[in-house]
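Shown next, in structure tokens, is the structure this report addresses.
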Amino acid sequence: MSELTDFNDMAIERGLDAVAEAIKTAAQADPRPPEPVFPDLPELPDDQDDAAGRAETPFEWPEPILPGTAKTPDIPVHEVLTGWLGDYAHHVAKSTQTPGAMSVLCALGVLATVLQRRFEVAPKGGKSFRETLSLWCVSVSPPGTRKTAVLGAFLGPLVRWEKLLADRMRRDIAKNLTLRNTIQKRIEALTLRCGKADPAELEELRREIEQLQDELPDELRAPRLFTADVTPERLQVMLMEHGESMAVHSDEPGIFGIMGGRYSGGSANLDVFLQGHAGSPMRVDRAGRKAYADRPALSFNLMIQPAIMADVAKGNGFRGSGLLARFLYAMPESNVGRRNVREMHDIPDEVREDYEAGIEGLLHGLPGEPGAPGPATVLELTDTARELWFDFAQEVEHLQGAGGDLEGISDWTSKLPGTVARIAALLELAEWGLTAEWVSESAMARAIHLARLLIPHAQAAFGLLGADPVDDDAALVLRWLTGNGRAEASQRDIQAALRWRFKSVNKLRDAIHKLKQTGCVMTYQRRNKGAKPTEMVRVNPCLCS
Numbered sequence: 047m048s049e050l051t052d053f054n055d056m057a058i059e060r061g062l063d064a065v066a067e068a069i070k071t072a073a074q075a076d077p078r079p080p081e082p083v084f085p086d087l088p089e090l091p092d093d094q095d096d097a098a099g100r101a102e103t104p105f106e107w108p109e110p111i112l113p114g115t116a117k118t119p120d121i122p123v124h125e126v127l128t129g130w131l132g133d134y135a136h137h138v139a140k141s142t143q144t145p146g147a148m149s150v151l152c153a154l155g156v157l158a159t160v161l162q163r164r165f166e167v168a169p170k171g172g173k174s175f176r177e178t179l180s181l182w183c184v185s186v187s188p189p190g191t192r193k194t195a196v197l198g199a200f201l202g203p204l205v206r207w208e209k210l211l212a213d214r215m216r217r218d219i220a221k222n223l224t225l226r227n228t229i230q231k232r233i234e235a236l237t238l239r240c241g242k243a244d245p246a247e248l249e250e251l252r253r254e255i256e257q258l259q260d261e262l263p264d265e266l267r268a269p270r271l272f273t274a275d276v277t278p279e280r281l282q283v284m285l286m287e288h289g290e291s292m293a294v295h296s297d298e299p300g301i302f303g304i305m306g307g308r309y310s311g312g313s314a315n316l317d318v319f320l321q322g323h324a325g326s327p328m329r330v331d332r333a334g335r336k337a338y339a340d341r342p343a344l345s346f347n348l349m350i351q352p353a354i355m356a357d358v359a360k361g362n363g364f365r366g367s368g369l370l371a372r373f374l375y376a377m378p379e380s381n382v383g384r385r386n387v388r389e390m391h392d393i394p395d396e397v398r399e400d401y402e403a404g405i406e407g408l409l410h411g412l413p414g415e416p417g418a419p420g421p422a423t424v425l426e427l428t429d430t431a432r433e434l435w436f437d438f439a440q441e442v443e444h445l446q447g448a449g450g451d452l453e454g455i456s457d458w459t460s461k462l463p464g465t466v467a468r469i470a471a472l473l474e475l476a477e478w479g480l481t482a483e484w485v486s487e488s489a490m491a492r493a494i495h496l497a498r499l500l501i502p503h504a505q506a507a508f509g510l511l512g513a514d515p516v517d518d519d520a521a522l523v524l525r526w527l528t529g530n531g532r533a534e535a536s537q538r539d540i541q542a543a544l545r546w547r548f549k550s551v552n553k554l555r556d557a558i559h560k561l562k563q564t565g566c567v568m569t570y571q572r573r574n575k576g577a578k579p580t581e582m583v584r585v586n587p588c589l590c591s
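Residue numbers (this note's numbering): 47 to 591.
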């Protein structure tokens, strides 16, 4: 062999002694010590020289920015809700082992359902600026977080009220239906005779038909307080049929699909929803008759999963129309995996009874059957409450301006002062009942306190609305690392543990790169004797505490 290409060839041709001599000669020619291994140093960004990473100085971790997992504050129930409502919300959260934020928003959604359209609030006093008491609430929580249990716990009195009224009206509804059918059949028979009647008889038939139409009673329906999925067209009719007031309570995401035009060829029809939040006049053509709603009131109390928020972001004009800016968002940290399965906490009977009595007291005065609503009672603010409200509104105004901390969600914060006034009025009515005459400083202070707590929740929600799939992947990797108490792990171990998500190593690398960009992790290569280096991921220590 004229040329030896490696040590294997040399060993075959000349023996092992020749190989040993060659290695010794090479070592003498380059006396530099072997390059040290630094398993505890990070892989530096691509634009820095690798040699700089081998300086014996401690690595300074940046403040991490958690992708798609923005921290949101807890909402202590009793700091917002008092009396019978606060006690019940506290025990619902405790019995279901769910965050207090979910119970707080559910409680407010129920209050809005029973009080909207009957009451309004005038934050500045006078008649020029009034807010309805409608509220749009949405709690965003992963699967398995007992959203249905929380929602059901609060809706009980509303369901019973509807059932009670339906039972009481059953006979009257049946009589009304019989009478309507009889008159309608008579009108149909007379209409058929018109085709063969002479002029004199025709005139008589017309008069008889008109008289019957005047005698035809409106359809009698049992009152409804809320629905679940409903089309815009049906919602318009329901608002007319039930005193210009309706609410949507649901733990399913279908309503957003309906808003986006699921049943209208993909064309979104948001007008009725937006009008119901603002209390703007509405006109509906119904069975040949024009119906008008002077101050329609629509509330939402929704509980959905985070993945739905990303779908909502793709909705037809949801953000641009201001639809999403009207919601109050609760995005509490999930406690799945940290709940005590042995713990049992029944809601005390007296607490449940007080809640039911409180809601029934607020339902008092609702018409026993649908009809034209009366004028709303207007609540004004006390002087001290008004000053609190003005101070908060001015603070929000400064922060949502160009370069302000709230500029990114200014469409949401621009509606926040009005929403605070609505919440304060609801809290006042819950505390003092239907005889409340004004909104107190205490109720306003609690409403403002809640608003401050909800601002980070809204920022997290709007961040989720704009999140891309890599953010979701990065958040999953970080949760796996920190949830299992690992200070570091190999890329191979991460992929093996999350193989249901990361079938492609490139997808995992994109997620890790996102975590590096946000200061959550660093990467390095751990050298292995006689084998390829292992790609390692180390977690920012402040996330491991």
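Where a beta carbon is used, it is the ideal one built from N, C-alpha and C, also for glycine.
If we count the other Cβ atoms within 10 Å of its Cβ and call it buried at 16 or more, is residue i buried or exposed?
| i | result |
| --- | --- |
| Gln259 | exposed |
| Pro342 | buried |
| Glu166 | buried |
| Ser345 | buried |
| Leu238 | exposed |
| Ala577 | exposed |
| Phe175 | exposed |
| Arg584 | buried |
| Thr224 | exposed |
| Trp458 | buried |
| Gly479 | exposed |
Excluding the 5 residues flanking residue i on each side, which residues of the same chain have their C-beta closer than 7 Å to its C-beta?
| i | result |
| --- | --- |
| Ser296 | Ala274, Asp275 and Leu348 |
| His124 | Gly132 and His136 |
| Leu473 | Ala489, Arg492 and Ala493 |
| Trp130 | Asp400, Tyr401 and Gly404 |
| Ser380 | Ser187, Pro188 and Thr191 |
| Gln162 | Thr178, Leu179, Ser180, Ser291, Ala343 and Ser345 |
Might you give, ordered along the chain, the residues of its own chain that have their beta carbon closer than 6 Å to the beta carbon of residue i, omitting 5 neighbours on each side?
| i | result |
| --- | --- |
| Val160 | Leu408 and Leu409 |
| Leu281 | Val318 |
| Gln571 | Pro579 |
| Ser536 | Thr580 and Met582 |
| Pro378 | Pro145 and Ala147 |
| Asp519 | Ala557 |
| Ala268 | Leu211, Ala212 and Met215 |
From residue i to residue j, what does the alpha carbon distance come to, in whole angstroms?
| i | j | result |
| --- | --- | --- |
| Glu324 | Ala376 | Reading off the sequence shown, one finds Ala at residue 324, where the question assumed Glu. If I take the Cα positions, the gap works out to 22 Å. |
| Ser460 | Pro122 | 25 Å |
| Gly198 | Asn552 | 43 Å |
| Met582 | Pro352 | 30 Å |
| Pro108 | Tyr401 | 48 Å |
| Asn227 | Asp218 | 14 Å |
| Pro203 | Val126 | 21 Å |
| Arg365 | Glu208 | 34 Å |
| Thr191 | Ser185 | 11 Å |
| Leu236 | Ala246 | 14 Å |
| Glu433 | Glu396 | 38 Å |
| Met568 | Ala293 | 49 Å |
| Ala139 | Gln230 | 52 Å |
| Asn530 | Asn386 | 18 Å |
| Ile354 | Arg164 | 33 Å |
| His12 | Val283 | Given that the chain is displayed from residue 47 to residue 591, the structure contains no residue 12 and the question cannot be resolved. |
| Arg498 | Ala506 | 14 Å |
Suppose the cutoff is 8 Å on Cβ atoms and the five residues either side in sequence are ignored; what does the same chain contact list for residue i look like?
| i | result |
| --- | --- |
| Trp435 | Pro169, Leu427, Pro463, Val466, Ala467, Ala470, Met490 and Ile494 |
| Pro189 | Gln351 |
| Glu254 | Leu236 |
State yes or no: is the C-beta of residue i within less than 7 Å of the C-beta of residue j?
| i | j | result |
| --- | --- | --- |
| Gln541 | Leu554 | yes |
| Phe373 | Ile455 | no |
| Pro419 | Gly289 | yes |
| Ala195 | Thr118 | no |
| Glu487 | Thr423 | no |
| Leu445 | Asp437 | no |
| Ala533 | Cys588 | no |
| Asp316 | Leu370 | It should be pointed out that residue 316 corresponds to Leu in this sequence rather than to Asp. For Leu316 and Leu370, no; Cβs fall outside 7 Å. |
Can you tell me whether DSSP reads residue i as helix, strand or coil?
| i | result |
| --- | --- |
| Pro119 | coil |
| Lys461 | coil |
| Lys578 | strand |
| Asp451 | coil |
| Met568 | strand |
| Trp478 | helix |
| Cys590 | coil |
| Ala343 | strand |
| Asp297 | coil |
| Ser187 | coil |
| Ser291 | strand |
| Trp526 | helix |
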